[in-house]
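In the numbering used here, the protein residues as written are 13 to 277.
Inspection log for the structure reproduced underneath, given as structure tokens.
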């Protein structure tokens, strides 16, 4: 007994000297991530989960994940999840929110999904002011399907379907989603963030929290765009991908708030 007591005291002393500074949020499951090394999906999904936990809404939240790298997001979130067809997440989320307005409903979508096959669903959900929150990952490429040119691929960007670089004369210019949606009356909140540094991670966390709070307050459609990387399909190391994001993507997709109904913007 004395030995057991001594061992317990030793463990307690170690814990006091080495307090837990970082651990898994309960809003995430224990599933092992399947994202590629250096992918920023993992950071963003954790920020979403942390906000669900902090706001105390995990048990009353329904997430919608369509086709893309987020296709198995239901493996990672501890809240209810619904799978949607490619591009149809806003439509599915609309049905869920209208059927259960007391629940928090969010979509988690990539650029190929949201800004291409799902552009109509995105725009119409936004202009109707559907009271949902959209988490939009912009990594300028189709990630899951092999690296094709996306609606957000930059001018001159090399992809599997633009081996000589995106030619704006034939493929057009990249779509800036926040700027496009900012003119719609039904939109309550739009912000573009990134998660490449600790400082930017904190800003992204606040933006995601605001998106959920605006939905809680019944203010309408919110979208948080996260400028991200895709080291695998960009053909870069994780570090080089972050540098490419800063040097090429952020100038084309400036960070900031594009609409905030509370601020009158």
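Here a beta-carbon is modelled for each residue, glycine too, at the ideal position from N, C-alpha and C.
The structure presented is a predicted model; accordingly, all values stated were derived computationally and were not measured.
Beta-carbon gap between residue i and residue j smaller than 8 Å
i: residue 111; j: residue 40; result: no
i: residue 271; j: residue 194; result: yes
i: residue 262; j: residue 238; result: no
i: residue 149; j: residue 56; result: yes
i: residue 102; j: residue 127; result: no
i: residue 58; j: residue 37; result: yes
i: residue 118; j: residue 84; result: no
i: residue 279; j: residue 224; result: An answer regarding residue 279 cannot be provided, because it is not within the stretch 13 to 277 covered by the chain.
i: residue 213; j: residue 236; result: no
Straight-line gap, residue i to residue j (C-alpha atoms, nearest Å)
i: residue 230; j: residue 30; result: 43 Å
i: residue 137; j: residue 244; result: 32 Å
i: residue 178; j: residue 218; result: 34 Å
i: residue 114; j: residue 208; result: 34 Å
i: residue 251; j: residue 50; result: 8 Å
i: residue 221; j: residue 159; result: 31 Å
i: residue 176; j: residue 161; result: 11 Å
i: residue 105; j: residue 143; result: 9 Å
i: residue 132; j: residue 42; result: 35 Å
i: residue 197; j: residue 32; result: 45 Å
i: residue 157; j: residue 98; result: 12 Å
i: residue 13; j: residue 88; result: For residue 13, the pLDDT reaches just 46, beneath the cut-off of 50, and the residue's location in the model is therefore unreliable, although a value from the coordinates is still provided. Cα-Cα distance, rounded: 42 Å.
i: residue 232; j: residue 215; result: 21 Å
i: residue 123; j: residue 203; result: 15 Å
i: residue 268; j: residue 75; result: 25 Å
i: residue 168; j: residue 255; result: 17 Å
i: residue 66; j: residue 140; result: 29 Å
i: residue 15; j: residue 125; result: At residue 15, the pLDDT of 49 sits below 50, so the modelled position is not reliable; the number obtained from the coordinates is stated separately. Taking the straight line joining both Cα atoms gives about 60 Å.
i: residue 96; j: residue 77; result: 6 Å
i: residue 180; j: residue 116; result: 39 Å
i: residue 226; j: residue 151; result: 26 Å
i: residue 275; j: residue 48; result: 38 Å
i: residue 172; j: residue 68; result: 43 Å
i: residue 248; j: residue 129; result: 27 Å
i: residue 258; j: residue 264; result: 10 Å
i: residue 94; j: residue 107; result: 11 Å
i: residue 182; j: residue 273; result: 37 Å
i: residue 82; j: residue 266; result: 24 Å
i: residue 61; j: residue 70; result: 8 Å
i: residue 184; j: residue 253; result: 24 Å
Reference residue i; option with closest CA among the options
i: residue 154; options: 146, 165, 147 and 145; result: 165
i: residue 120; options: 254, 33, 100 and 132; result: 100
i: residue 199; options: 206, 205 and 191; result: 191
i: residue 145; options: 134, 152 and 260; result: 134
i: residue 86; options: 44, 63, 107 and 68; result: 44
i: residue 189; options: 260, 234 and 48; result: 234
i: residue 186; options: 81, 107 and 260; result: 260
i: residue 170; options: 246, 228 and 52; result: 246
Which residues DSSP lists as bridging residue i, in chain order
i: residue 89; result: 40
i: residue 229; result: For residue 229, which the question treats as bridged, DSSP gives no partner whatsoever.
i: residue 237; result: 148 and 204
i: residue 307; result: The requested residue 307 does not occur in the structure, where the chain is confined to residues 13 to 277.
i: residue 271; result: 202
i: residue 122; result: 149
i: residue 128; result: Partner(s): none; residue 128 has no beta bridge.
i: residue 70; result: DSSP output for residue 70 lists no bridge partner at all.
i: residue 95; result: 77
i: residue 116; result: 73
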